[in-house]
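Count along the sequence shown from 1, add 136, and you get the number used in this note's numbering. C-beta atoms are modelled at their ideal positions from N, C-alpha and C, and glycine is treated no differently. Only a predicted model underlies this, so the values are computations on that prediction, with no experimental measurement involved. Here is the structure we will look at, set down as structure tokens.
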Amino acid sequence: MSHPRPSVGVNLLDPGNYAVDNQPRLWRRLQNECPVGWHEATLGVPGFWVLSRYADIMEVFKDTTTFSSARGNILGTLLAGGDPAGGQMLAVTDPPRHRDLRRILQGGFSARSMQRIADSVRAVSRRLVAEAVERGTCDFVADVAARIPLEAICELLAVPVADRPRMLELTSAALDAGSTPMEAARAQSDIMNYYAKLVPERRANPQDDAVSMLAAGAIDGKPLSEVEVFLNCYNLIIGGDETTRFSGAGGLLALIEHPDQWRVLKERPDVIDSAVEEIVRWTSPALHIARVTTADTTLRGARVAAGDIVTLWIGAANRDEEVFDSPYTFNLARTPNKHMAYGFGPHFCLGGALARLEMKILFEEIREQVGSVSLAGEVEYSRSNFLTGVSRLPVAFTPSTR
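Printed below as a string of structure tokens:
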């Protein structure tokens, strides 16, 4: 016996729906009219479930038995048949293999590694902000925000300094919604080929970095295959770049658009930690995460069949009025702020602490070096139903007088 599925009544495959000024309407519509809804199949593309309330998304994040990541965790990949890296790459594995892979990778996030990364990010952030202030104008994305997360992740992986500009080009091409499928595939292949050369070097001469941890890693006494090592290197460098870039750029834009909060940042050094959390919640670059059900289940009374795709709309959850007071208000002093920008549960973002560190250092340097900031041209955006954010941010800086 079939059961009616509540329809979301909006095309979530259309990137135009994720324009910044449309997102509030979209999230409110989903949450108020159809918090657990079915997105109808269209033009040969399968249908999928849509969750937009924080509590429902939390329930799915916690249950890795019923809601699997092993076929993929991005809607577009699942609609195309699944992720070929499923079961091998951290983001698209289920426990217990996910737990074992995570344990190996956590070795790259040791206290010593994090201090080395912090020192590098501080030096680079200080220099990039100082150069931008001295010039007076810059594209904050290209000149600052894009370069800091790359520096951090390259330190984590111990990528030689000379190779880092090329890695920035490749990661941008691999994820940018403006790249053609061929350009994205070529960039992904080039990243994998890079690690195919780097990993044997680290096996022979291990260092205190994530690549060396993976190269020496084993599960149940069996070493990780070369493909698993390459895939997880790729996972780290892709996962650590674009989202933090979008948060940094979107955070500065939010401060320009909310001058009262710019004053808070400048005048209250004590709010830096809560400011980082609010910037990440506000920007929410990764709009959704996806799962596939392993068994029949129910969500808010809706019957979900085994094998169905379930999408978790993080952008909506981070604006849920049932959880956040005045969620459409940008408030650097917001507390508590239990946003889901880094996920939740066993799949909580492995690099979440690193991303927070990068953001904190960047906005500390902006606070100390920048007296005022204003727009100096048209803001441009990169949009998809997975990643969205500021891709070009022309700004004018004046130096701080203190």
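#1: Please classify residue 519 as buried or exposed, where buried requires at least 16 other C-beta atoms within 10 Å of its C-beta.
#2: Looking at residue 335: is its Cβ nearer than 9 angstroms to the Cβ of residue 366?
#3: Residues in its own chain within less than 8 angstroms of residue 307 by CB, not counting five upstream and five downstream?
#4: Does the pairing of the region 460–474 with the region 397–417 give three or more beta-carbon distances under 8 angstroms?
#5: In this structure, what does DSSP give as the bridge partners for residue 199?
#6: Would you call residue 384 buried or exposed, if buried means 16 or more other Cβ atoms sit within 10 Å of its Cβ?
#7: Applying the criterion that 16 or more other CB atoms from any shown protein chain within 10 Å of the CB defines a buried residue, is residue 511 buried or exposed?
#8: Sort 440, 505, 480 and 464 by Cα distance to residue 172 and report the nearest one.
#9: Going by the beta-carbon positions, is the gap between residue 280 and residue 528 smaller than 9 angstroms?
#10: Candidates 237, 161 and 494: which alpha carbon is nearest residue 361's?
#11: Since residue 526 and residue 353 should fall inside the 8 angstroms C-beta cutoff, what is the C-beta to C-beta distance between them, to a whole number of angstroms?
#12: Leaving out five residues before and five after residue 137 in sequence, what residues of the same chain have Cβ atoms less than 6 angstroms from its Cβ?
#13: Would you decide whether residue 291 is buried or exposed? Buried here means 16 or more other CB atoms lie within 10 Å of its CB.
#14: Please go through the same chain and pick out, in chain order, the residues whose beta-carbon is closer than 6 angstroms to the beta-carbon of residue 151, but skip the five residues on each side of it.
#15: If residue 186 and residue 205 are in contact, beta carbons under 8 angstroms, what's the gap, nearest whole angstrom?
#16: Below 8 angstroms on the Cβ atoms is my guess for residue 407 versus residue 416; work out the distance and round it to an integer in Å.
#17: Across the region 419–426 and the region 209–223, are there enough close Cβ pairs to call them in contact, namely three or more that are closer than 8 angstroms?
#18: Assuming residue 533 and residue 268 are in contact, meaning their beta carbons sit under 8 angstroms apart, how far apart are those beta carbons, in whole angstroms?
#19: Since residue 260 and residue 446 are thought to touch, with beta carbons under 8 angstroms apart, how far apart are those beta carbons, to the nearest angstrom?
#20: Do you know how far the Cα of residue 164 is from the Cα of residue 158?
#21: Just mark residue 347 as buried or exposed, buried being the case when its beta carbon has 16 or more other beta carbons within 10 Å.
By the coordinates alone:
#1: Result: buried.
#2: yes
#3: 286, 323, 327, 373, 374, 377 and 378
#4: The way I'd put it, the region 460–474 does touch the region 397–417; three or more beta-carbon pairs between them come closer than 8 angstroms.
#5: Answer is none; residue 199 lacks a bridge partner.
#6: buried
#7: exposed
#8: 440
#9: In terms of Cβ geometry, residue 280 and residue 528 do not form a close pair [threshold 9 angstroms].
#10: 237
#11: The pair is not a contact, with the Cβ atoms about 36 angstroms apart (cut-off 8 angstroms).
#12: The pLDDT assigned to residue 137 is 45, lower than 50, so where the model puts this residue is not dependable; a value taken from the coordinates is nonetheless given after this. Here the set comprises nothing.
#13: buried
#14: 519 and 520
#15: 18 angstroms between Cβ atoms; not a contact.
#16: Rounded, the Cβ-Cβ distance is 14 angstroms, inconsistent with contact.
#17: Flag = yes, the region 419–426 and the region 209–223 touch.
#18: 6 angstroms
#19: So it is not a contact: roughly 39 angstroms between Cβ atoms.
#20: For the pair residue 158 and residue 164, the Cα-to-Cα distance works out to about 10 angstroms.
#21: buried
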